[in-house]
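Novice:
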Amino acid sequence: MVQLEEIRKTFPMEAGPVYALRGVNLHIKRGEMVAITGSSGSGKTTLMNILGCLSSPDSGTYRLAGEEVSNLSQQQLATIRSRRIGFVFQTFNLLPRLNALQNVELPLLYARATAGAIDRARHALERVGLADRVEHFPNQLSGGQCQRVAIARALVNEPSIILADEPTGAVDSVTSQDIMKLFHSLHAEGRTIIIVTHDQGVAAQCERQIVLKDGTVTIPGKGGNS
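Put into structure tokens, the structure is as follows:
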């Protein structure tokens, strides 16, 4: 599903270049649930942006579902994102003036998949247990409910990969477990789940952990770098 070979990314800075990724090799199989961990500055965010087709590497090869995406244009990357990847963020990234249903519907509108969009958005909210909150606005929802709306939004295009960046970082421990149960249920459906996290409790619930240090993979976990 995800195969990275010698991925490198450098950011030019006034004080000198920052080598964010230094030849990352990584293989994530279809249907895996993995955690990417590491201290601040280890390269997690840069790696997540490349995995999510939000940016391109300076060099190396990235194959997603067998397709080489390393050198695609921004428009081509946007198409890949809208069709294959669902994003879940720590701060939810919900639009405050839209209700839950409208927030979930947005990716369909961006992808111009308007046929049946409302029904698909409603179904996605039902899947995350929010059938009774479709008309609620973000300020009327708890943190856990907002994250469920964000997960529903990530699911609405039926992506093959869910990429979650610190998905439990803005909720309490009880809600965190509820969110992880939801990820486990999605994983059981056969989805590939990639969670970037500082939380070792969250990482321990994944099938394996991929540890980054100074821009390289130090612990690929069972099946990694193969």
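Counting with the numbering used here, you get residues 6 to 231 for the letters of the sequence shown. Glycine included, each C-beta is placed from N, C-alpha and C at the ideal position. As the structure is a computational prediction, the values presented were derived from the model and not from experiment.
Measuring only the C-alpha atoms, how far is residue 230 from residue 133?
Specialist: Along the sequence shown, one-based indexing puts residue 230 at 225. Along the sequence shown, one-based indexing puts residue 133 at 128. Because residue 230 carries a pLDDT of 38, less than 50, the predicted location of this residue cannot be relied on, and the following value inherits that uncertainty. Approximately 33 Å, taken between the alpha carbons.
Novice: For residue 103, which option in 60, 139, 88, 38 has the closest C-alpha, if you only look at C-alpha atoms?
Specialist: Walking along the sequence shown from the start, residue 103 turns up at place 98. For residue 103, the nearest C-alpha among the options comes from 139.
Novice: Which residues in the same chain have their Cβ closer than 7 Å to the Cβ of residue 109, if we skip the five residues on either side of it in sequence?
Specialist: Against the sequence shown, residue 109 aligns to sequence position 104. The residues are 126, 129, 130, 154, 157, 158, 161.
Novice: Could you check the C-alpha separation between residue 14 and residue 69 for me, to the nearest Å?
Specialist: Taking the sequence shown and counting its residues from 1, the one referred to as residue 14 is at position 9. Taking the sequence shown and counting its residues from 1, the one referred to as residue 69 is at position 64. The straight-line gap from Cα to Cα measures roughly 18 Å.
Novice: Cβ of residue 122 within 8 Å of Cβ of residue 113?
Specialist: Walking along the sequence shown from the start, residue 122 turns up at place 117. Walking along the sequence shown from the start, residue 113 turns up at place 108. In this structure, residue 113 lies closer than 8 Å to residue 122 by Cβ.
Novice: According to the neighbour-count rule (16 or more other Cβ atoms, all chains shown, within 10 Å of its Cβ), is residue 187 buried or exposed?
Specialist: Within the sequence shown, numbered from 1, the residue matching residue 187 stands at position 182. When all chains shown are included, residue 187 counts as buried.
Novice: Which residue from 166, 167, 6 puts its Cα closest to that of residue 67?
Specialist: What you label residue 67 is simply residue 62 of the sequence shown in a count that begins at 1. The candidate whose alpha carbon is nearest that of residue 67 is 6.
Novice: If we count the other Cβ atoms within 10 Å of its Cβ and call it buried at 16 or more, is residue 22 buried or exposed?
Specialist: To locate residue 22, count along the sequence shown from 1; it is residue 17. Residue 22 comes out exposed.
Novice: For residue 29, I'd like the list of residues in its chain whose CB is within less than 7 Å of its CB, leaving aside the five on either flank, ordered along the chain.
Specialist: Within the sequence shown, numbered from 1, the residue matching residue 29 stands at position 24. The residues are 9, 12, 52, 221, 222.
Novice: Can you give the beta carbon distance from residue 148 to residue 175, rounded, assuming they're within the 8 Å contact cut?
Specialist: In the sequence shown, the residue the question calls residue 148 occupies position 143. In the sequence shown, the residue the question calls residue 175 occupies position 170. Right, the Cβ-Cβ distance comes to about 6 Å (below 8 Å), so this counts as a contact.
Novice: I need the boundaries of the alpha helix (DSSP H) containing residue 192, first residue and last residue.
Specialist: Counting from 1 along the sequence shown, the entry for residue 192 is found at position 187. Counting along the chain, the alpha helix (DSSP H) containing residue 192 begins and ends at 178-193.
Novice: Could you tell me the distance, in whole angstroms, from the CA atom of residue 115 to the CA atom of residue 77?
Specialist: Stepping through the sequence shown from its first residue, residue 115 is reached at position 110. Stepping through the sequence shown from its first residue, residue 77 is reached at position 72. For residue 115 and residue 77, the distance between alpha carbons rounds to 19 Å.
Novice: From residue 189 to residue 118, what does the alpha carbon distance come to, in whole angstroms?
Specialist: Here residue 189 refers to the residue found at position 184 when the sequence shown is read from its first residue. Here residue 118 refers to the residue found at position 113 when the sequence shown is read from its first residue. Roughly 28 Å separates the two Cα atoms.
Novice: Is the CB-CB distance between residue 43 and residue 92 below 8 Å?
Specialist: Position 38 of the sequence shown, counted from the start, is the residue given in the question as residue 43. Position 87 of the sequence shown, counted from the start, is the residue given in the question as residue 92. In this structure, residue 92 does not lie closer than 8 Å to residue 43 by Cβ.
Novice: Please work out which residues of its chain come closer than 7 Å, Cβ to Cβ, to residue 19, disregarding the five sequence neighbours upstream and downstream, and give them in chain order.
Specialist: In the sequence shown, residue 19 corresponds to position 14, counting from 1. Within the same chain, residue 19 has no close Cβ partners at all.
Novice: Is it true that the CB of residue 202 sits closer than 8 Å to the CB of residue 25?
Specialist: Taking the first residue of the sequence shown as 1, we reach residue 25 at position 20. Taking the first residue of the sequence shown as 1, we reach residue 202 at position 197. Cβ atoms of residue 25 and residue 202: not closer than 8 Å.
Novice: What would DSSP say about residue 144, mapped onto helix, strand or coil?
Specialist: The sequence position of residue 144 within the sequence shown is 139, counting from 1. Reduced to three states, the DSSP call for residue 144 is helix.
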